[in-house]
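Asks: When you read off a place in the sequence shown, starting at 1, and then add 257, the result is the number in the working numbering.
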Amino acid sequence: MNILLLGKGGQVGWELQRSLAPLGHVIAHDFDTADFSQPDAVAALVRQVAPDVIVNAAAHTAVDKAESEPELARTINATTPGAIAREAAALGALLVHYSTDYVFDGSGQAPRDESAATAPLSVYGHTKLEGEQLIAASGCHHLIFRTSWVYAARGGNFAKTMLRLAAERDALKVIHDQIGAPTGADLLADISAHAIRAVRHSAAPESLCGLYHLVAGGETSWFDYARFVIEWARARQVPIRVAPEAIEPIPTSAYPTPAQRPLNSRLDTRKLQHAFGLHLPHWQQGVERMLTEHLHTP
Ligand code: NDP
Numbered sequence: 258m259n260i261l262l263l264g265k266g267g268q269v270g271w272e273l274q275r276s277l278a279p280l281g282h283v284i285a286h287d288f289d290t291a292d293f294s295q296p297d298a299v300a301a302l303v304r305q306v307a308p309d310v311i312v313n314a315a316a317h318t319a320v321d322k323a324e325s326e327p328e329l330a331r332t333i334n335a336t337t338p339g340a341i342a343r344e345a346a347a348l349g350a351l352l353v354h355y356s357t358d359y360v361f362d363g364s365g366q367a368p369r370d371e372s373a374a375t376a377p378l379s380v381y382g383h384t385k386l387e388g389e390q391l392i393a394a395s396g397c398h399h400l401i402f403r404t405s406w407v408y409a410a411r412g413g414n415f416a417k418t419m420l421r422l423a424a425e426r427d428a429l430k431v432i433h434d435q436i437g438a439p440t441g442a443d444l445l446a447d448i449s450a451h452a453i454r455a456v457r458h459s460a461a462p463e464s465l466c467g468l469y470h471l472v473a474g475g476e477t478s479w480f481d482y483a484r485f486v487i488e489w490a491r492a493r494q495v496p497i498r499v500a501p502e503a504i505e506p507i508p509t510s511a512y513p514t515p516a517q518r519p520l521n522s523r524l525d526t527r528k529l530q531h532a533f534g535l536h537l538p539h540w541q542q543g544v545e546r547m548l549t550e551h552l553h554t555p
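1) Have a look at Ala442, Ser379 and Asp358 and flag the residue whose alpha-carbon is nearest the alpha-carbon of Ser372.
2) Smallest Cα separation from Ser395: which of Pro462, Ile341 and Leu552?
3) Output yes or no for whether 8 angstroms exceeds the beta carbon distance between Leu391 and Ala323.
4) Taking the C-alpha atoms as reference points, what is the distance between Glu387 and Gln517?
5) Kindly indicate which residue of Pro327, Leu529 and Leu420 has the alpha-carbon position closest to the one of Leu548.
6) Would you be able to state if there are at least three C-beta pairs under 8 angstroms between the region 309-320 and the region 361-369?
7) Is there contact here, the region 510-527 with the region 426-436, by at least three beta-carbon pairs under 8 angstroms?
8) Three Cβ pairs or more, each shorter than 8 angstroms: is that satisfied between the region 367-385 and the region 520-532?
9) Just to check my reading of the structure: Val407 and Thr440 have Cβ atoms closer than 8 angstroms, yes? What is that Cβ distance to the nearest angstrom?
10) Using 8 angstroms as the threshold, is the C-beta distance between Tyr355 and Phe415 below it?
11) Mark Val399 as exposed unless 16 or more other C-beta atoms lie within 10 angstroms of its C-beta, in which case mark it buried.
12) What distance in whole Å lies between the Cβ atoms of Glu550 and Leu468, which are believed to be in contact at a cut-off of 8 angstroms?
13) Can you tell me which of Gly475, Ala330, Arg484 and Val269 puts its alpha carbon nearest to the alpha carbon of Arg411?
14) Hey, would you say the C-beta of Trp406 is under 7 angstroms away from at least one heavy atom of ligand 1?
15) Could you check where the alpha helix (DSSP H) with Ala428 kicks off and where it finishes?
16) Tell me the DSSP secondary structure of Thr337 in three-state form.
17) Sorry if obvious, but does the Cβ on Ser478 come closer than 7 angstroms to a heavy atom of ligand 1?
18) If you run the structure through DSSP and keep just helix, strand and coil, what is Ile487?
19) On a CA-only basis, which of Thr554, His553 and Glu272 is nearest Ala409? Give me that one, please.
20) State yes or no: is the C-beta of Tyr482 nearer than 7 angstroms to some heavy atom of ligand 1?
21) Can at least three beta-carbon pairs, one atom from the region 273-291 and one from the region 446-462, be found at a separation below 8 angstroms?
22) Please name the residue or residues paired with Ala285 in a DSSP beta bridge.
23) For the alpha helix (DSSP H) containing Arg454, name the first residue and the last one.
24) Assuming Ser478 and Gln435 are in contact, meaning their beta carbons sit under 8 angstroms apart, how far apart are those beta carbons, in whole angstroms?
25) Assuming Val312 contacts Ser379 (C-beta within less than 8 angstroms), just tell me the rounded distance between them.
26) Should Ser459 be labelled buried (16 or more other beta-carbon atoms within 10 Å of its own) or exposed?
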């Protein structure tokens, strides 16, 4: 099986290089050789490689920057994925793509399932939703995984930033009214590989294709996430300066950003768990693992 991986250098792309490797021959590209601001060139690459599976981890993920460059965000998040999907349909290839809870307005308190009405608040959310729609309209076999609050062990992330700030400062302010599930890029990559294998081995692949919500189990706020990380580190004798009572919860309204974020990022993942017979571990498990690796990296 030939797998074309696009966006290999991103958080999820990096982990996909690992998780896809046992499935077949992976041909991986990044910005330099598959620039998503050029839909025709990326479509030509897909035709040239003619893979069995395409996994697209490339995206314009700079949520605030997207507000000031909507056309570029739209090309990268919608037009090019749409062009890839049309090539996938022509080749009979399976397309795996990632989307976001930002397609929702985040009202209410309940987790949303795949049938919930979309209403993006930001350019990023709008363009990611359009990408989903173009892929669905292409008629290709596809898996679209909507996820949230993605972190990776490689590079910077929210937890590492909180640890650094907690070591430097006497007080911290963290948003408490956005609720979601921190989801590891490693988990996304592993679930993607399991799902690809299931589709490829299914007698009725169409029945498994479609849109899925994919996040770690449980839920938290950025404030409780920060407290979890800092107290986890304090318990392991990591030098922490900030006192527990000096971590202050603040509302989103106190931290204005160019792009509006949904308050309720809860996603209902039952469809995915039932369809593929998979279990989604609680977010703390992945975060603890990532922190342990971080502390033991010289
Ligand atoms: P990253 O930003 O880590 O990775 C995105 C990749 O796309 C990077 O390698 C980036 O390259 C690349 N890219 C950006 N512009 C272009 C371009 N013009 N042509 C080709 N490649 C480009 O994102 P994640 O790995 O976190 O995201 C993976 C998927 O998950 C995306 O679809 C995203 O929308 C979705 N998602 C992410 C969430 C998150 O919290 N991060 C939350 C919900 C969904 P470079 O680094 O060089 O810019």
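Each residue gets a CB set at the ideal place from its N, CA and C atoms; glycine is no exception.
Replies: In terms of the structure at hand:
1) Indexing the sequence shown from 1 puts residue 372 at position 115. It is Asp358.
2) Translated into the one-based positions of the sequence shown, residue 395 becomes position 138. The option with the nearest alpha carbon to Ser395 is Ile341.
3) Against the sequence shown, residue 391 aligns to sequence position 134. Against the sequence shown, residue 323 aligns to sequence position 66. Not in contact: Leu391 and Ala323 (Cβ atoms no closer than 8 angstroms).
4) Here residue 387 corresponds to residue number 130 of the sequence shown, with the count starting at 1. Here residue 517 corresponds to residue number 260 of the sequence shown, with the count starting at 1. C-alpha separation (whole angstroms): 18 angstroms.
5) Reading the sequence shown from its first residue, position 291 is the one you call residue 548. Here the closest residue by C-alpha is Leu420.
6) no
7) yes
8) With the cut-off at 8 angstroms, the region 367-385 and the region 520-532 touch.
9) Within the sequence shown, numbered from 1, the residue matching residue 407 stands at position 150. Within the sequence shown, numbered from 1, the residue matching residue 440 stands at position 183. So it is a contact: roughly 6 angstroms between Cβ atoms.
10) For the purposes of this step, residue 355 is taken as residue 98 along the sequence shown, with counting starting at 1. For the purposes of this step, residue 415 is taken as residue 158 along the sequence shown, with counting starting at 1. Not closer than 8 angstroms, so no.
11) By 1-based counting over the sequence shown, the position of residue 399 is 142. With the sequence shown as reference, residue 399 is identified as His, and Val is not the correct amino acid for it. Label assigned to His399: buried.
12) For the purposes of this step, residue 468 is taken as residue 211 along the sequence shown, with counting starting at 1. For the purposes of this step, residue 550 is taken as residue 293 along the sequence shown, with counting starting at 1. Not confirmed; about 32 angstroms, so no contact.
13) Along the sequence shown, read from residue 1 onward, the residue named residue 411 stands at position 154. Ranking the options by Cα distance to Arg411, first place goes to Val269.
14) Along the sequence shown, read from residue 1 onward, the residue named residue 406 stands at position 149. Correct: Trp406 has its Cβ closer than 7 angstroms to ligand 1.
15) The count along the sequence shown starts at 1 and reaches residue 428 at position 171. Where Ala428 is concerned, there is no enclosing alpha helix (DSSP H), given that its DSSP letter is neither H nor E.
16) Counting from one through the sequence shown, the residue named residue 337 turns up at place 80. The answer is helix: DSSP assigns Thr337 an H, G or I state.
17) As a position in the sequence shown, residue 478 is number 221, starting the count at 1. Ser478: no, Cβ never under 7 angstroms from ligand 1.
18) On the sequence shown, residue 487 is found 230 positions in, with the first residue counted as 1. Helix, per DSSP.
19) Counted from its first residue, the sequence shown places residue 409 at position 152. Checking every option, the nearest Cα to that of Ala409 belongs to Glu272.
20) Here residue 482 refers to the residue found at position 225 when the sequence shown is read from its first residue. Checking the Cβ of Tyr482 against ligand 1 gives no.
21) Enough Cβ pairs lie closer than 8 angstroms, so yes.
22) Along the sequence shown, read from residue 1 onward, the residue named residue 285 stands at position 28. DSSP, once it has assigned bridges, lists Leu262 as partnering Ala285.
23) Residue 454 sits at position 197 when you count from the first residue of the sequence shown. Note, Arg454: alpha helix (DSSP H), Ala442 to Arg457.
24) Start at 1 with the first residue of the sequence shown, and residue 478 comes out as number 221. Start at 1 with the first residue of the sequence shown, and residue 435 comes out as number 178. Yes, they are in contact, since the Cβ atoms of Ser478 and Gln435 sit about 6 angstroms apart, within 8 angstroms.
25) Within the sequence shown, residue 312 is the residue found at index 55, counting from 1. Within the sequence shown, residue 379 is the residue found at index 122, counting from 1. In fact, because the Cβ distance is near 25 angstroms, the residues do not count as touching under 8 angstroms.
26) Start at 1 with the first residue of the sequence shown, and residue 459 comes out as number 202. The residue is exposed, with fewer than 16 neighbouring Cβ atoms inside 10 Å.
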